[in-house]
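Number of protein chains: 2
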Amino acid sequence: MSTKSFAVAPQIEAASLLVSDLPLSQLRLMDDARFPWLLLVPRRPGLEEWSDLSPEDALQLSREIHTATRLLIRYAAPHKVNVASLGNLVRQMHVHVVGRNTSDAAWPGPVWGFGTSAPYSEGARQGISLRLKELLESMEPIADF
Amino acid sequence: MSTKSFAVAPQIEAASLLVSDLPLSQLRLMDDARFPWLLLVPRRPGLEEWSDLSPEDALQLSREIHTATRLLIRYAAPHKVNVASLGNLVRQMHVHVVGRNTSDAAWPGPVWGFGTSAPYSEGARQGISLRLKELLESMEPIADF
């Protein structure tokens, strides 16, 4: 077992905001007003690949992706949700859950590497985070399965 | 319950080759020699989003992503594995498991929408499919967790 402690990579910390601690992962809001965009960052040191997850954590991550997808649909009613764990630039495992619309600037291409992020205003950032927390609390618990 | 039967979308069928039937998903090889690239297509009609998965299927899909990631690492030893369920062009749920290298043409950007696919020769396609099946059979069963 690793004795390293968990810390969010500085690039993720700088580009996103903690919304809630789910049982396994930090649920974060990407600070990019172009797309409704959540991140899940499992609180385990040294994780890079899906296959690095313990069996229990792999199942829990799937539950949390399920939850984040439902949350994003309630929050933004997107045309499609994109789920991805890439890690080409930041190796620490993190899962993107991104709402896509046919009218968004990157459609139908992927959002990663597309253009320049557009940070929210401080008020919008806090308002969205609060709204996401409220929606999350109103949802069925993710431990239902 | 839907009474529709499962069929792979024609675009996926045309761009990839069935390697093996896992308990939930078809494991397919993308016919693109630029990247070692697997697909998982859950055999459920009408699936589009992660949140459309039943609880049991969501857990099984995570097991199968775990397996496909390990398989790809054994087959191609990539620098990083990209896992993604997008569906912007083909809405039927399918999960990409793509091996990435710092020397590949799209690095560090995403592979989706990048350039033009480079189909394998018939011999290479069959050889890779056989090799993947052999590696899969040599791996621990995915029902271990």
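Quick mapping for you: the protein sequence lines, in order, are chains C and Y.
The opening position of the first sequence corresponds to residue 28 in the working numbering, with each subsequent residue numbered one higher.
The opening position of the second sequence corresponds to residue 28 in the working numbering, with each subsequent residue numbered one higher.
Ideal Cβ positions, reconstructed from N, Cα and C, are used throughout, including at glycine.
What you are looking at is a predicted structure, and each value in this text was computed from that prediction instead of being measured.
Original post:
What does a CB cutoff of less than 7 Å around Y/Trp-139 pick up in its chain, not counting 5 residues either side in sequence?
Top reply: Leu-113
Subject >> Every unbroken beta strand (DSSP E) within the region 39-80 of chain Y, with a cutoff of 3 residues, ordered by chain >> reply: 43-48, 52-57, 64-69
**OP:** Using a cut-off of 8 Å between C-beta atoms, extract the partners of C/Thr-96 located in chain Y.
**Re:** Glu-76, Trp-77, Ser-78
Subject >> Inter-stretch contact at 8 Å, needing at least 3 Cβ pairs: the region 143-153 of chain Y / the region 140-153 of chain C >> reply: no
Subject >> Euclidean distance between Cα positions of Y/Ala-60 and C/Glu-83 >> reply: 34 Å
**OP:** Could you confirm whether any beta carbon from chain Y is found closer than 8 Å to the beta carbon of C/Arg-90?
**Re:** yes
Original post:
Can you list, in chain order, the residues of the region 135-168 of chain C whose Cβ is nearer than 8 Å to any Cβ on chain Y?
Top reply: Pro-135, Gly-136, Pro-137, Trp-139, Gly-140
**OP:** Flag this pair as yes or no: are the beta carbons of Y/Trp-134 and C/Asn-115 separated by less than 8 Å?
**Re:** yes
**OP:** Decide yes or no for the touch test of the region 88-103 of chain Y against the region 153-164 of chain C: beta carbon pairs closer than 8 Å, at least 3 of them.
**Re:** no
Original post:
Taking 8 Å as the CB-CB limit, is C/Pro-85 close to chain Y?
Top reply: Going by the sequence as given, residue 85 of chain C is Ala instead of Pro. Yes, because at least one Cβ of chain Y sits closer than 8 Å to the Cβ of C/Ala-85.
Subject >> 8 Å CB neighbourhood of C/Pro-63 in its chain, flanking five on each side removed >> reply: Leu-99, Tyr-102, Ala-103, Pro-105, Val-125, Gly-126
Subject >> Nearest-angstrom Cα separation, counted from C/Gln-53 out to C/Val-35 >> reply: 9 Å
Original post:
For C/Ser-97, does the three-state DSSP call read helix, strand or coil?
Top reply: For clarity, residue 97 of chain C is Arg in the given sequence; the question names Ser instead. C/Arg-97 falls in the helix class under three-state DSSP.
Subject >> Buried versus exposed call for C/Lys-107 [16 or more other C-beta atoms within 10 Å across all chains shown] >> reply: buried
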